[in-house]
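Chemist: Reading the sequence shown from the start, the letters are residues -24 to -1, 1 to 616 in mature numbering (1 follows the signal peptide of the UniProt record, and there is no 0).
Structure in structure tokens, see below.
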Amino acid sequence: MGRTVCNFFIAIATCFSVAGSVGAQTRDLPSWLTESTVPSAAEDAPAPELTEVYAEPVPEIPMAAALQLADQSDEHPDAAPSQATPPSYVAMNPDPLVVGDVPKEWLNETTISTSAGPTQVTSASVKQFLRSMAQRSPISDTYRPWWEATATAPFELSASSVVVDGDSLILEALRHSFRIAAVNENICIARTGITRAAADFDPTAFVESKFVRTSVPTGSDLDAGTNVDRLREEDFSFSGGLRRKTQTGAEFEIGQQIGLRDSSSQFFTPDNQGNSRLTLSFNQPLLNGAGQAYNQSLIVLAKLDTQIANEAATTTIQDHLLRVQESMWNLYYQRASLLLRIRHLNQAKSIHDWLENRQDLDALQSQLKRAEAAIATRNSELARAVTAIRNAEDQLRMLVNSPRLSDDKTVEIIPARPPSLTLVPVSMEDAVVTALQQRSEMNEVARELDTARVRLNVACNELLPMLDLVLETYVSGLRGSQDIGGSWIDQFSVGEPSYSAGLLFEVPLQRRAAKANVIRRQAELRKLAGRLGETIAKLHAEVAAAVREVETSHRELGARYVAMVSAQEYVDLISNRWRELPGDGFSANSLLEDLLDAQDRLLLEEVGFARAQIDYTLSTSRLKRATGTLLQIQPVGAAN
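What follows is the structure, given as structure tokens:
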């Protein structure tokens, strides 16, 4: 019973407190709180100070009735109300409210509860919404956010600072980025394939020397003469010359041979011979392997591979430069976010100072504690914002690798200018055409198609039988007494040249390997044709999405601007009402809570506007990347 009585006393005290503060701001409270449900004497009674207690108001009842109700509640908790309850109390009090219940009077004052039904979305409303999206941006051409000037100024986070912009970062990344340097090496590696393929047509020098001593038994007098039981010969030869493959597939060789020879044969004359021979040979394919197209195919394929590597490098470098742009604007966003949170903290400190100066007048201790809690929370967010700036600076250093940024790891990096707010009109058709002409992916697939065609032509040539024209001629000289010099002169002055001519034909009977190779190359060509169509569709979708993103991000920027302005106006309104309201009672606490919440919402809207501003600027960069015009790159390795 004692606990029940205490609960009634607390409810009565709460009722008196609410009744004391309701007169100050009756226009801000629901209608059920403005109705006079308590005796007039209770309205004049002083209201005790409230802490953070939020309960529904309980009407005043006589003390005797309260005690009687408490006794009945303890004795018969499930019984109906006693007849001894005053009629005025029953008429004046509906079913008691529990904390958390919503009074029906509140629902009656809203338009939601009286709505006839859910709002229907028709095609006309959709068209109206789409037309409204095309309206002019609510942002004035002269509007600039208040934090722009400070965000591009030094914060003195370190002793030194460096001012950067997008163009300078791109140039420094092209010169110093480790990633771009590695990509350029891929081009250099691919270019070596051209040299290797062309080296097949380089002349080749050859030298050969050989000494042979023969000792064989003779089987007849015809082998070495009469009474010669063993034939002994010594032969030393030395040859050298040049051979070269021509671009038509022919193989040309010229060689000079000289030698010394001696024999125990009686028929060997003159003794101690010196000999020489100049030979010229020529072998020209007529079917399989003939023609410049076939024999230069390796060079063409190597050049195409280099172009493919160049296009792949262009894609990688543009992606890297886009990340540099994103990192730079993220740094600007983090700096702007720091400024916004500093102002957010100062707003809480201003409230705390104002309350502290009015402690002797009307400021409540609960209000001071609430302001201190807000200051502590915003201080923690501020520390996180400073860390985010440092992380963004390190990310930018990692992508650029410029000595200007990396020599001093603590240098403060400052963006030179803020992002733009101006809408850049973009034509969808022009953007798609530009992408088809400029995107490196299109050029890469086109080069791969050329590669497949070349390989198919080579495979078709290999279906032909081998038919070679073979020509050879030579002149020779011979002297005794090991006179090699005289024999070399005799090959041009004595006698006449010898020559031979013929054809060499060869063909596999079924040619299954060559046919399978042709089928494979045809399948590869069809595969790349399908990939080309896929690439065109993909680029069209990417460009369309990029164009829409530019328009959408600018509309979102305008919506964020409206929300930010409305949030600021709401903060000003709540701030004025809170400062004009007396400091005691539920309304003062409630308005302080509303003011702090409004400031939090304003911070979110300002941060959202700054983020939308960055997103719009990056959407234009991503559009350039989608159309292939972010940067026309000539890789460093291609110039060497």
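Here a beta-carbon is modelled for each residue, glycine too, at the ideal position from N, C-alpha and C.
Between which two residues does the beta strand (DSSP E) containing residue 131 stretch?
Modeler: What you label residue 131 is simply residue 155 of the sequence shown in a count that begins at 1. Residue 131 -> no beta strand (DSSP E), and no H or E assigned at all.
Chemist: Which residue's Cα is closest to the Cα of residue 507: 417, 380, 184, 466?
Modeler: One-based indexing of the sequence shown puts residue 507 at position 531. If we check each option's Cα against that of residue 507, 417 comes out closest.
Chemist: Would you kindly work out how many angstroms separate the C-alpha atoms of residue 350 and residue 343, rounded to a whole number?
Modeler: Position 374 of the sequence shown holds residue 350. Position 367 of the sequence shown holds residue 343. Cα-Cα distance, rounded: 11 Å.
Chemist: Please identify the residue among 303, 241, 442 whose C-alpha is closest to the C-alpha of residue 192.
Modeler: Here residue 192 is taken as the residue at index 216 of the sequence shown, counted from 1. Nearest C-alpha to residue 192: 241.
Chemist: Going by DSSP in three states, residue 636 sits in which element: helix, strand or coil?
Modeler: No answer is possible for residue 636: it lies beyond the span of the chain, which begins at -24 and ends at 616.
Chemist: Skipping 5 residues on each side, what residues in its chain have a beta carbon closer than 8 Å to that of residue 53?
Modeler: Numbered from its first residue, the sequence shown carries residue 53 at position 77. In this predicted model, residue 53 has a pLDDT of only 42, less than 50, meaning its place in the structure is not dependable; the value taken from the coordinates is given anyway. Closer than 8 Å at Cβ, skipping near neighbours: no residue.
Chemist: Residue 423 and residue 287: beta carbons closer than 8 Å?
Modeler: Along the sequence shown, one-based indexing puts residue 423 at 447. Along the sequence shown, one-based indexing puts residue 287 at 311. Cβ distance < 8 Å, so residue 423 and residue 287 count as in contact.
Chemist: Check each candidate in 528, 547, 493, 461 and name the one with the smallest Cα separation from residue 252.
Modeler: One-based indexing of the sequence shown puts residue 252 at position 276. For residue 252, the nearest C-alpha among the options comes from 461.
Chemist: Following the continuous beta strand (DSSP E) through residue 221, name the residue where it begins and the one where it ends.
Modeler: One-based indexing of the sequence shown puts residue 221 at position 245. Where residue 221 is concerned, the enclosing beta strand (DSSP E) stretches over 206 to 221.
Chemist: Exposed or buried, what is residue 122 when buried is set at 16 or more other beta-carbons lying within 10 Å of its beta-carbon?
Modeler: Position 146 of the sequence shown holds residue 122. Exposed is the call here.
Chemist: Is DSSP giving residue 601 helix, strand or coil here?
Modeler: As a working mapping, residue 601 is identified with position 625 in the sequence shown. Reduced to three states, the DSSP call for residue 601 is helix.
Chemist: What's the C-alpha gap between residue 523 and residue 409?
Modeler: Translated into the one-based positions of the sequence shown, residue 523 becomes position 547. Translated into the one-based positions of the sequence shown, residue 409 becomes position 433. Looking at the two C-alpha atoms, the distance is approximately 13 Å.
Chemist: Between the alpha carbons of residue 495 and residue 605, how many angstroms are there, rounded?
Modeler: Mapped onto the sequence shown, residue 495 falls at position 519. Mapped onto the sequence shown, residue 605 falls at position 629. Inter-residue distance for residue 495 and residue 605 is about 39 Å (C-alpha atoms, whole angstroms).
Chemist: Mark residue 393 as exposed unless 16 or more other C-beta atoms lie within 10 angstroms of its C-beta, in which case mark it buried.
Modeler: Taking the sequence shown and counting its residues from 1, one reaches residue 393 at position 417. That one is exposed.
Chemist: What residue range does the beta strand (DSSP E) around residue 544 cover?
Modeler: Here residue 544 refers to the residue found at position 568 when the sequence shown is read from its first residue. No beta strand (DSSP E) holds residue 544; the alpha helix (DSSP H) holding it covers 488 to 556.
Chemist: Is the number of C-beta pairs between the region 285 to 299 and the region 170 to 187 that are closer than 8 Å three or more?
Modeler: The region 285 to 299 is not in contact with the region 170 to 187.
Chemist: By the three-class DSSP mapping on this structure, what secondary structure does residue 448 have?
Modeler: The sequence position of residue 448 within the sequence shown is 472, counting from 1. Here residue 448 sits in strand by DSSP.
Chemist: Just grab the DSSP bridge partners of residue 186 for me.
Modeler: Here residue 186 refers to the residue found at position 210 of the sequence shown. Looking at the DSSP assignment, residue 186 forms a beta bridge with 213.
Chemist: Return the CA-CA distance between residue 138 and residue 538, expressed in angstroms with no decimal places.
Modeler: To locate residue 138, count along the sequence shown from 1; it is residue 162. To locate residue 538, count along the sequence shown from 1; it is residue 562. The straight-line gap from Cα to Cα measures roughly 34 Å.
Chemist: Which word fits residue 326, buried or exposed, when buried means at least 16 other C-beta atoms lie within 10 angstroms of its C-beta?
Modeler: Against the sequence shown, residue 326 aligns to sequence position 350. Exposed, because fewer than 16 other Cβ atoms sit within 10 Å of the Cβ of residue 326.
Chemist: Mind the definition here: the region 560 to 577 touches the region 486 to 502 only if three or more C-beta pairs lie below 8 Å; say whether that holds.
Modeler: As far as the Cβ criterion goes, the region 560 to 577 does not touch the region 486 to 502, which means the pair count is below three.
Chemist: With contact counted as at least three CB pairs below 8 Å, one residue from each stretch, are the region 211 to 225 and the region 148 to 166 in contact?
Modeler: Because the criterion of three Cβ pairs below 8 Å is not met, the region 211 to 225 and the region 148 to 166 do not touch.
Chemist: Would you mind stating whether residue 152 and residue 378 have Cβ atoms separated by less than 8 Å?
Modeler: Working through the sequence shown from its first residue, we reach residue 152 at position 176. Working through the sequence shown from its first residue, we reach residue 378 at position 402. Closer than 8 Å, so yes.
Chemist: Just to confirm my understanding: we take residue 12, look at its own chain, exclude 5 residues before and 5 after, and list those with CB closer than 7 Å. What are they?
Modeler: As a first step, residue 12 is located in the sequence shown; it is residue number 36 there, counting from the start. Interpretation of residue 12 is limited by its pLDDT of 39, a score under 50 that renders its predicted location unreliable; the figure taken from the coordinates is listed afterwards. Cβ within range, chain order: n/a, list empty.
Chemist: In this structure, does DSSP put residue 309 in helix, strand or coil?
Modeler: For this step, residue 309 is matched to residue 333 along the sequence shown. Helix, per DSSP.
Chemist: DSSP state of residue 20, grouped into three classes?
Modeler: Position 44 of the sequence shown, counting from 1, holds the residue named residue 20. Model confidence at residue 20 stands at a pLDDT of 43, short of 50, so the residue's coordinates are unreliable and nothing is read from them.
Chemist: Select from 366, 181, 541, 437 the residue whose C-alpha is nearest the C-alpha of residue 584.
Modeler: Residue numbering aside, residue 584 sits at position 608 when the sequence shown is read from its first letter. Checked all of 366, 181, 541, 437; the closest Cα to residue 584 is 541.
Chemist: From the DSSP secondary-structure annotation, give me the bridge partner or partners of residue 232.
Modeler: To locate residue 232, count along the sequence shown from 1; it is residue 256. According to DSSP, which records beta bridges pairwise, residue 232 is partnered with 216, 254.
Chemist: On the DSSP bridge assignment, give the partners of residue 239 in chain order.
Modeler: Looking up residue 239 in the sequence shown gives position 263. In DSSP, residue 239 forms a bridge with 209.
Chemist: Give the single residue among 555, 118, 577, 101 whose Cα lies nearest to the Cα of residue 339.
Modeler: Position 363 of the sequence shown holds residue 339. Considering only alpha carbons, the answer is 555.
Chemist: Less than 8 Å between the beta carbons of residue 372 and residue 298, yes or no?
Modeler: Here residue 372 corresponds to residue number 396 of the sequence shown, with the count starting at 1. Here residue 298 corresponds to residue number 322 of the sequence shown, with the count starting at 1. Against a cut-off of 8 Å, the Cβ pair of residue 298 and residue 372 comes out as no contact.
Chemist: First and last residue of the alpha helix (DSSP H) that includes residue 381?
Modeler: Residue 381 sits at position 405 when you count from the first residue of the sequence shown. Looking at the DSSP string, the run of the alpha helix (DSSP H) that includes residue 381 is 379 to 382.
Chemist: Would you kindly work out how many angstroms separate the C-alpha atoms of residue 232 and residue 147, rounded to a whole number?
Modeler: Residue mapping note: residue 232 aligns to position 256 of the sequence shown, counting from 1. Residue mapping note: residue 147 aligns to position 171 of the sequence shown, counting from 1. Roughly 59 Å between the two C-alpha positions.
Chemist: For residue 51, name the three-state secondary structure that DSSP assigns.
Modeler: Numbered from 1 along the sequence shown, position 75 holds the residue referred to as residue 51. Residue placement at residue 51 cannot be trusted, given a pLDDT of 43 that sits under 50; the coordinates are not used to answer.
Chemist: What does DSSP give as the partner residue(s) for residue 478 in the beta ladder?
Modeler: Position 502 of the sequence shown holds residue 478. DSSP, once it has assigned bridges, lists 446 as partnering residue 478.
Chemist: With a threshold of 8 Å, are at least 3 pairs of Cβ atoms found where one atom belongs to the region 397 to 406 and the other to the region 468 to 487?
Modeler: no
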